[in-house]
Structures are given as C-alpha cells and as structure tokens.
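In mature numbering (1 follows the signal peptide of the UniProt record, and there is no 0), the protein residues as written are -16 to -1, 1 to 495.
Backbone N, C-alpha and C define an ideal beta-carbon position, used for all residues, glycine too.
In this text the structure is predicted, and so the values were computed from the model without any measurement.
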C-alpha cells in the first residue's frame, strides 16, 4: 500500500463538496489530508479591519492577537457538519475535527506638497542618495533598540549577503555591516551562491537596507508554486507555476504576534484573473488577518501597464484592462512606479486599474469617484468602475536603479523596486512610533486616503501603456490603440495618490 500525503488542504465552505479529487486507485491508497475550514462570511473581518485601521475610529491601532484574529473567520457549526458529511459520503471513517491550536503552531496636512528638488545626477542612476533626497528622507535613522522588523518576500530565490555588502560599500558606506536573517517558508531554499537565483531578492533587500537604516531585516525564502490557476493569453498553460501566495500568507497568519514583521514587502504578482476568485479571496482574507494584527503589507502593483493580453479568460473573452493580484486585494497597499525627476512622471509599464473581484472600499471611494467623474468615460467598457482601485501610491521605478547580482553591478527597475522603497519608509515610521510607545501603523490605506493627503506629491504627467496586440506568451491578443491610464490631478490608476514625502508622513504619523 502506498501512502500519499497532502498537507494543508484548505477548504472554503462553498467548495467543501468538491475541493479534493479522489484518486482513481483510492481503494489501494492511504491518503492523509489536513483540512482547515475557513469561513467565507468575512463581514466580521471587514468590519474589524475598518475599525482598527481608520484613523478617525476610537479603536484605531488596537490590534488583535493571533487567536482573536482567527476567531473572526471561525467556521460555523453547520460548516463543520457539512465537511463531516462529505467525509462520510467518501466512506472515510477515520477523521478528527481539531480546533485551531496556537501552541502547536508556534490632518491632517492640507498644504500642497511637492517632491524634493534634486541637484544630484539622478538621471543616469537612481541611487539610494537620490531617493533620500527626492522623498525628503534626509539621513533619518531608526533606533535599533526599538524592534520594528521589515520582511522581504522572495519566491524560490534568496537574497545574498555578499552582494548586499558590495552594494552598501559603494552606495551607503555608513551602513556596511548591516545584515538580515533568513527564514525558509514552504520548503524555500536559502542558498548563498554567486550563481543562485537572486535577482528580485537582491533588489528588494539592497534598497530596503539602504533606505531603512538600523532596522531589523528579515528575508523569507518561499518555496513551491501554484498550479491551480485559470490560464489566459499571458499564461496560456500550466508549464510554469504561479507564486504560492496562499502558503506564504498562511505562514504569517499562523505566526505569533512577537514573530511578525511590522512591514512585509512583496514584489510579485500577475493578472488577477489567473487566480480563481475563491482562491484569491482566501489569500486576501489571510492578508486581512495580518491587517488586524498590525502588519503593513506592501505589494508591487505590477509591470504590465493597463494590461498586456487585455482579454478576459472567461467564456466572453471580452477586451479588458487587466489589473494585477495581489495588489488588488483591499487589505494591502499597492505601489506603482514613476520615472524622471523635476518633475516626476508616471512610468509607462506601471500597472494599475480596477479589480474585477473586490468593490471600491470606503476609504478610497471619494477619491476614486472624483477620478471617474472627470476621466471615467475615456475607457468605459474596458474596466470595472465599481472595483477596488490600484495603485494606492507610487515611487521611482525606472530601469536606472543599480544593484548587485552574481557579483556584478547591473540596472533594475519596475514596481519591484518601488515596493521596498515605500516599505522602508513605513518601517522607519513604525520605529519612530515605537520610540513614543505607539503601535505600528498596520493596514495603511484608510490613513493614506483619509488623513495623509498632504504627505504626497501629486503626479500629473505621463501615462501607462497597454494592449499592444501580443501577449506575454507571444500569442496574438487584442490591440487597443493608445491604451493606458493617464496621470492626472488627484488619485489616478497609474500613480495613485502620488509619491510619498517621508518627512510629512513621519510628522503626521510618528511625531
């Protein structure tokens, strides 16, 4: 008799009767399933996130423990009964319903803000010094005695100590000696080698360390892949797996509060439609569990402009702009990209748009409605005007950011380098708050949209592009002339609220 083990098969109640396929040789196979039942009625979770993250709420910053967070999505008894009946129908007699065991799993500014005037040569290279000047960071340092960790996610790769040292020696010599810890998640590899895959990991870690001096840095090497996606013209088959966001998010949801980072930076994503809505919802709700526990999840909005293949993957095959997940999740902060200086402008391939899965949250409704009233008609029919809008903000992302990879200095760019820039700022602000005995900022978006308008430089120049007629996989796809989102006054779907001014954010939230 062979034994096959399937770990962490998570069942949503609505899918409980067909979530797991029965092997054809079932009678010969002893299969062990670990089934975690998560509730799909998340109104309590949504309400709690709103209360804890809204700066006008009396409960602002009153974060929950891991146990309290999971209680928000506990399944009702009828759901447990449904799963038991399903098991009996399969003639599975040996099972246990085990409760969640934590022991085992151990404005406020109203002024018109402008980005900094940069006198350095930041055209050919956007160095850490340029970013500090542009975003008013100066030489701000954290107090190392106050622990506000910044976590960097890497899927199937690991940041390299040696190349971080090379980067710091050239661009931030006063930070030489700064290091980071590594944790393996879901079997992730933590190899230190000049030939190992580390491009994204190195980019994120090098820029985070360069900007957030004296912060505790943690790299999470996540292994595995997700094969259950719905193919589209950009990813037409299952020859390559999507990132295992669910396993990654569940790892953090199960950590005790004292092991969580205060900020988590994720520079990965793909077309929202690739994830079945049920799967995307599960992942997003796990990010919601981190929100109620005080973790700021920062996600790159993507590097596909308004979309590349621009075709829905359902039966209708409609021509649509395609936003990127997990940036569309309403419990994360999505970061787009800008280019140039004096003034900054939108980067053409910075992703943005409107979710097909989630509706417009309360905290961005006023800003997004202003945009739609003035500009919504331009691409009517290509997007969901009632959807969660992305990005929330932007930082520099042109392909002129130096970093070290395989022992050599090369250039990188995209929203991948934008996300860790903003994550570094939030880690520093959390540290400033800790010095005053205040909790971390946690889920940022209600604060950013409702109370921090003057802490952003509005970007009103440039636009994104999209729908070129050929998909990422090289397949013919819809061509939409002049497709893309324009940067305009106020919030827009390419630069969000604009670019952050660290000194203003710090004054607003930390001092």
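- Task: Could you pull the start and end residues of the alpha helix (DSSP H) that residue 322 belongs to?
- Result: No alpha helix (DSSP H) holds residue 322; the beta strand (DSSP E) holding it covers 317 to 323.
- Query: Within this structure, are the beta carbons of residue 470 and residue 282 separated by less than 7 Å?
  - Reply: no
- Message: Output needed for residue 352: all residues of its chain with C-beta closer than 7 Å, excluding positions within five of it in sequence on either side, in chain order.
- Response: 344, 373, 475
- Where does residue 476 fall in DSSP's three states? strand
- Hey, out of 251, 202, 266, 149, whose CA is closest to residue 233's CA? 266
- Query: Going by the CB atoms, is the gap between residue 134 and residue 196 shorter than 7 Å?
  - Reply: yes
- Query: Which residues share a DSSP beta bridge with residue 230?
  - Reply: BP columns for residue 230 are empty, so no partner.
- Task: Could you give the DSSP three-state label for residue 390: helix, strand or coil?
- Result: coil
- Going straight from the alpha carbon of residue 319 to that of residue 397, what length do you get? 13 Å
- Would the region 292 to 305 and the region 233 to 246 be scored as touching if the rule is three or more Cβ pairs under 8 Å? no
- Message: Just to confirm my understanding: we take residue 402, look at its own chain, exclude 5 residues before and 5 after, and list those with CB closer than 6 Å. What are they?
- Response: 319, 321, 379, 381
- Per DSSP, what kind of secondary structure is residue 110 in: helix, strand or coil? coil
- On the DSSP bridge assignment, give the partners of residue 202 in chain order. 135, 165
- Closest by CA to residue 421, which one among 51, 129, 326? 129
- Item | Residues of its chain near residue 368, where Cβ-Cβ distance is below 6 Å and the 5 sequence neighbours each way are ignored | 338, 340
- Beta-carbon gap between residue 480 and residue 331 smaller than 7 Å: no
- Opposite residue 309 in the DSSP bridges: which residues? 254
- Just curious, the alpha helix (DSSP H) that residue 338 is in, first and last residue? Residue 338 -> not in any alpha helix (DSSP H); beta strand (DSSP E) instead, spanning 337 to 343.
- Is the Cβ-Cβ distance between residue 43 and residue 36 less than 7 Å? yes
- Task: Check each candidate in 316, 467, 30 and name the one with the smallest Cα separation from residue 362.
- Result: 467
- Cβ neighbours of residue 11 in the same chain (closer than 6 Å, five flanking residues each side left out): Because residue 11 sits at a pLDDT of 42, beneath the cut-off of 50, its placement in the model cannot be relied upon, and the following sentence gives the value as read from the coordinates. Nothing meets the Cβ criterion.
- Item | Reduced DSSP category for residue 33 - H, G, I as helix; E, B as strand; rest coil | helix
- Message: On a Cα-Cα basis, can you pick out the residue from 188, 145, 205 that is closest to residue 168?
- Response: 205
- Query: If you drop the 5 nearest sequence neighbours on each side, which residues of the same chain put their C-beta closer than 6 Å to that of residue 45?
  - Reply: 423
- Message: Out of 250, 444, 483, which one is the CA nearest neighbour of residue 227?
- Response: 250
- Message: Can you look up residue 18 in the DSSP assignment and give me helix, strand or coil?
- Response: Only weak support is given to the placement of residue 18: the predicted model assigns it a pLDDT of 48, under 50, and the value that follows is read from those uncertain coordinates. DSSP places residue 18 in strand when its eight states are reduced to three.
- For residue 156, three-class secondary structure by DSSP: coil
- Report the three-state DSSP secondary structure of residue 400 (helix, strand or coil). helix
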